[in-house]
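Novice:
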Amino acid sequence: MGKAKRISDSEASASGLLGSFAETAERVAATTKKLEKAALLGAYMRELDDDDLVRAARYFAGQQFALSDARTTNVGSSVLRDALSEATGVSVEDLRPRYVRLGDAGEVACEVILETKGESGAGALTLAETESLIIHLSELRGTKNKRALLTSILARSTALEAKYLVKLLLGDLRIGLKEGLVEDSIARAFEQPLSQVAQANMMLGDIGETALRARRQDLQHVSMRLFHPLKFMLATAAADLADIARTMPEEFYVEDKFDGIRAQAHAQGGRVALYSRTMDEMTHRFPELVVPLQNLTTDAIIDGEIVPARGATILPFAELQKRLGRKTVSAELMTNTPVVFIAYDLLYADGRV
C-alpha cells in the first residue's frame, strides 16, 4: 500500500462534494467483498481534506454527528416523504407504492428526481453544506420548518445526492458498510494498525476524529476523558459452555445478567453523568443515583447496569419501563419504581485506565 498522497486544492474541492461521496457509496454497495469495500473507501478518504475526512467518516458509518454528541435531527420518514413530494410535485399517494416496491426511502428519492428532473439538478452540494444542513435540522423545532428546509435542499439536489442525503438522515446508508469496516478502511488508508484505530474510536466515540488522528499518526495519544462517553463493549454469543471454555483463559469469573439498561457512570469532584448505550446523557432520568455516585472518593468511569430494585429484590424489567422516555421523573415514580446501579467494570480511576 502506498503512502497517503498530498492532495491539491482542486482535488480536495472535487472530492469534498456530496456527489463524490455518493459515487463512492455506489461503488462500495456494488461489491460484496469486504476487502474491496475497504479499499474503495480508503482510497476516497485519502483524497479528502481534514474537515471533509471527519465528515465523510461519520457519514459512511451512518452517523450524522459523533456518537459522543447528543444532538439529533429528529427527521423521520414521513417528513422526508412530504418534502420529496413538495420538491418534485409527485403526490404522496403516488409515492407510497414506490416505498413498498423499492423498500428504501433513498432509492425512492433517486427514482422520483430522475423521473421529474432527469440529470438536470443543480447538484454541487458539498459535505460542508451537508453538515450545515444536519446542524440546522437539529436546531429547528417543528415538522413544518424541517419540511421546508428539506424541500429546498431536495429541489436543488441531483438524484444521487438526494439518494444518499435521505439515507444519511434516516441513519443507515444500507451499502453493506458497518462501523467496523469503516475502521478497517481508515487503518488501510493511513497505514495504521486496525487495533489502534478501533481502540481510539471506542475511547473517542467519534469515528471522524479517529480518522483524522489516524491521518496524523496520533492514535497512540488518545486517552479516556471524563464526561466524554466511551463506546460500550457488547456481549458476544457463545454456542455452548464448551465454546466458552475454548475462548476464555483457564480461570475466569461468571456474573449474573441483570435485566435492566446498560449505563456508563462518570464522576468527578461532585459532578456526575450517566450515559446510555447510545451514548446519550440520561442523568435526569435517574436522579436518585447521583448522590451515591457523588460520594465516590475518586474520579471514575464505571460500566454497569441500571435495574429496578427494592432492597435486595430485583424487580421485573417492566417496572423500569415506566421510567423510560420521560423528561422528568416525579418523586412518586421514584418511590414506586426505585432503581440501583450495578457496576460491572471500573474503566477509569484517578487518571488510570
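To get the numbering used here, take the position in the sequence shown, counting from 1, and add 169. Just so it is clear, CB atoms sit at the ideal spot from N, CA and C, and this is done for glycine as well. Note that this is a predicted model, so its numbers are computed, not measured.
With burial defined as no fewer than 16 other Cβ atoms inside 10 Å of the residue's Cβ, what is the status of N464: buried or exposed?
Specialist: Exposed, by the Cβ-count rule.
Novice: Find the nearest neighbour of Q232 within the set F359, L334, Q389, A358, judged by alpha-carbon distance.
Specialist: The option with the nearest alpha carbon to Q232 is L334.
Novice: Tell me where the beta strand (DSSP E) around Y422 begins and ends.
Specialist: Unbroken run through Y422: none, as it is neither H nor E.
Novice: Helix, strand or coil, according to DSSP, for A367 in the structure here?
Specialist: A367 falls in the helix class under three-state DSSP.
Novice: Using the beta-carbon count (16 or more within 10 Å), is T299 buried or exposed?
Specialist: That one is buried.
Novice: Tell me the residue span of the alpha helix (DSSP H) that contains R492.
Specialist: That residue, R492, is in no alpha helix (DSSP H); it is neither H nor E in DSSP.
Novice: With distances taken Cα to Cα, identify the nearest neighbour of G284 among L296, S254, D519.
Specialist: Checking the displayed sequence, the identity of residue 284 turns out to be Glu instead of Gly. For the residues L296, S254, D519, the minimum Cα distance to E284 belongs to S254.
Novice: Let me know the secondary structure DSSP gives V534 once reduced to three states.
Specialist: Given that the chain is displayed from residue 170 to residue 522, the structure contains no residue 534 and the question cannot be resolved.
Novice: Which residue wins for smallest C-alpha separation from F191, given the options F396, L403, F455, G275?
Specialist: As written in the sequence, residue 191 is Ala, which differs from the Phe given in the question. A191 has its Cα closest to that of G275, out of F396, L403, F455, G275.
Novice: Only counting the same chain, and skipping five residues up and downstream in sequence, which positions put a Cβ closer than 7 angstroms to that of V391?
Specialist: Same-chain partners within the cutoff: A369, M372, L373, R382.
Novice: Between the Cα of A380 and the Cα atoms of V259, V351, L403, which residue gives the shortest distance?
Specialist: Taking only the C-alpha atoms, the option nearest A380 is V351.
Novice: For T241, tell me which candidate among A512, T482, T447 has the shortest Cα-Cα distance.
Specialist: The shortest C-alpha separation from T241 is found at T447.
Novice: From A194 to Y422, what does the alpha carbon distance come to, in whole angstroms?
Specialist: Cα-Cα distance, rounded: 44 angstroms.
Novice: Among E474, H453, R215, A331, which residue has its Cα nearest to the Cα of A500?
Specialist: Selected option, being the one with the closest Cα: H453.
Novice: Enumerate in chain order the residues of its own chain whose CB-to-CB distance from Y268 is below 6 angstroms, with the five nearest sequence positions on each side excluded.
Specialist: Once the five neighbours on either side are set aside, the close Cβ partners of Y268 are V277.
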